[in-house]
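Novice: Dumping the structure here so I can ask a few things about it.
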Amino acid sequence: MQDFNTIINNIHNNLKDNVVKGVVASYIPELSKQDVNQFGIFIQHMNGENFSVGDAEVPFSIQSISKVLSLSKAIAFENNDIWKRVDVEPSGNPFNHLSLLELENGIPRNPLINAGAIVIADILCSQFKNPKQEFLQYVRAIANDQSIDYNLKVAASEKETGFNNLAAANLLKSFGNLNNDVDVVMDFYFHQCALEMTCSQVAKAFYVFANKGRCVNNKQHISSSQAKRINAIMLTCGFYDESGEFAFEVGLPGKSGVGGGIVALLPNQYVITTWAPGLNAKGNSLIGMQALEQFTTQTNLSIF
Ligand code: DON
Numbered sequence: 001m002q003d004f005n006t007i008i009n010n011i012h013n014n015l016k017d018n019v020v021k022g023v024v025a026s027y028i029p030e031l032s033k034q035d036v037n038q039f040g041i042f043i044q045h046m047n048g049e050n051f052s053v054g055d056a057e058v059p060f061s062i063q064s065i066s067k068v069l070s071l072s073k074a075i076a077f078e079n080n081d082i083w084k085r086v087d088v089e090p091s092g093n094p095f096n097h098l099s100l101l102e103l104e105n106g107i108p109r110n111p112l113i114n115a116g117a118i119v120i121a122d123i124l125c126s127q128f129k130n131p132k133q134e135f136l137q138y139v140r141a142i143a144n145d146q147s148i149d150y151n152l153k154v155a156a157s158e159k160e161t162g163f164n165n166l167a168a169a170n171l172l173k174s175f176g177n178l179n180n181d182v183d184v185v186m187d188f189y190f191h192q193c194a195l196e197m198t199c200s201q202v203a204k205a206f207y208v209f210a211n212k213g214r215c216v217n218n219k220q221h222i223s224s225s226q227a228k229r230i231n232a233i234m235l236t237c238g239f240y241d242e243s244g245e246f247a248f249e250v251g252l253p254g255k256s257g258v259g260g261g262i263v264a265l266l267p268n269q270y271v272i273t274t275w276a277p278g279l280n281a282k283g284n285s286l287i288g289m290q291a292l293e294q295f296t297t298q299t300n301l302s303i304f
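The sequence shown begins at 1 in the UniProt record's numbering and counts up one residue at a time.
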């Protein structure tokens, strides 16, 4: 096997002093407190080995990365029924755009843009008795880590300023594509996005998608075919209007969040998480994307 330790240490060294680091998200005020110099990389290999450099054990706000976890639970509950309410096409638009939603009669383009993730949150609010608690239990179970929790300050901060998401939820409701109360769904959605995890916890949680639906404890949470579909959606939609660029540069299914995290995976081989809070103009971690491009180019380990 290649020397992943040396490779990620070199990448970390090359990029950590970059002058251009991107800009920390500020539309969720609590996230603007992050230090733009933090940078971690973690790899969970499927042979059981793991590799870590920098701030890989510092908890960060996973934000939109959580949309893949909520999608996986909704698919486990409802399987193909969810595709009546949300499509699987890339939107070619930023994560928070609403115009297509109106044009397309309240059916979001995919479950990873905000409107799509709000429909998925609605499904979980219908399926769970105590959505926030039971979703947290699910994430803890797949990551095999009971210490994972919500950051309540981040959830409250997004609730205070989440007018765009509230508009999306109201639009969905007006088209009959939201079964629960807007406030109930949005309270769940803001908490889901405010999950705080380290690079290593995210890599362990996403092991389930690299391992045909079986988590690090070898428990089957979704079927192998469902894992395949989730990976396809990550590849085509995981980076919004930069999904093509991510496939072009990195060549892996993955998901970003405005907290600066990115997780990507090569099925049956490894999961890699990066965290660097500075974002590019599309809302994806600037240094994280560069690190992943260097990793798959140097190792030649991508899906292509
Ligand atoms: O709903 C929002 O706007 C945030 N909670 C999540 C957005 C996000 O992470 C976009 N990702 N790059």
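The C-beta atom is built at its ideal place from N, Cα and C for all residues, glycine as well.
Bear in mind the structure is a predicted one, so any value in this text is a computation, not a measurement.
(1) Rank 91, 117 and 48 by C-alpha distance to the C-alpha of residue 73 and give the top, closest one.
(2) Assuming residue 107 and residue 87 make a contact with CB atoms under 8 Å, what is their CB distance in whole Å?
(3) Near residue 28, which residues of its chain fall below 6 Å by C-beta distance, leaving aside the five closest residues on each side in sequence?
(4) Which residues are close to the ligand DON, meaning CB closer than 6 Å to any heavy atom, in chain order?
(5) By DSSP, does residue 289 sit in helix, in strand, or in coil?
(6) Looking at the structure shown, is residue 119 part of a helix, part of a strand, or coil, going by DSSP?
(7) Tell me the rounded alpha-carbon separation between residue 260 and residue 50.
(8) With DSSP as the reference, identify every bridge partner of residue 196, one or two as the case may be.
(9) Can you check whether the CB of residue 103 is closer than 9 Å to the CB of residue 195?
(10) Counting along the chain, where does the beta strand (DSSP E) carrying residue 226 start and finish?
(11) Scan the segment 23 to 101 and note each continuous alpha helix (DSSP H) run of 4 residues or more that stays entirely inside, going in chain order.
(12) Could you round the C-beta distance between residue 31 and residue 61 to whole angstroms and report it? I think they count as a contact, below 8 Å.
(13) To the nearest angstrom, how far is it from the Cα of residue 169 to the Cα of residue 119?
(14) Using a threshold of 9 Å, state whether the C-beta atoms of residue 284 and residue 239 are closer than that.
(15) What number of angstroms, rounded off, separates the C-alpha of residue 129 from the C-alpha of residue 138?
(16) For residue 9, verify whether its CB is less than 8 Å away from any heavy atom of the ligand NAD.
(17) I'd like to confirm the pairing. Which residues does DSSP put opposite residue 139 in its beta bridges?
(18) Excluding the five sequence neighbours on either side, which residues of its own chain have a C-beta within less than 7 Å of the C-beta of residue 44, listed in chain order?
(19) If you follow the beta strand (DSSP E) that residue 272 is part of, which residue opens it and which one closes it?
(20) Going by DSSP in three states, residue 159 sits in which element: helix, strand or coil?
Specialist: This is what the structure gives:
(1) 117
(2) 6 Å
(3) 157 and 158
(4) 63, 64, 95, 96, 114, 158, 165, 193, 256, 257, 258, 283 and 284
(5) helix
(6) helix
(7) 21 Å
(8) 61 and 149
(9) no
(10) That residue, residue 226, is in no beta strand (DSSP E); its alpha helix (DSSP H) goes 224 to 237.
(11) 66 to 78
(12) 6 Å
(13) 8 Å
(14) yes
(15) 13 Å
(16) Absence of the ligand NAD from the depicted structure is noted, with the ligand DON being the only ligands included.
(17) DSSP lists no partner for residue 139.
(18) 50, 203, 204, 207, 270 and 271
(19) 270 to 275
(20) helix
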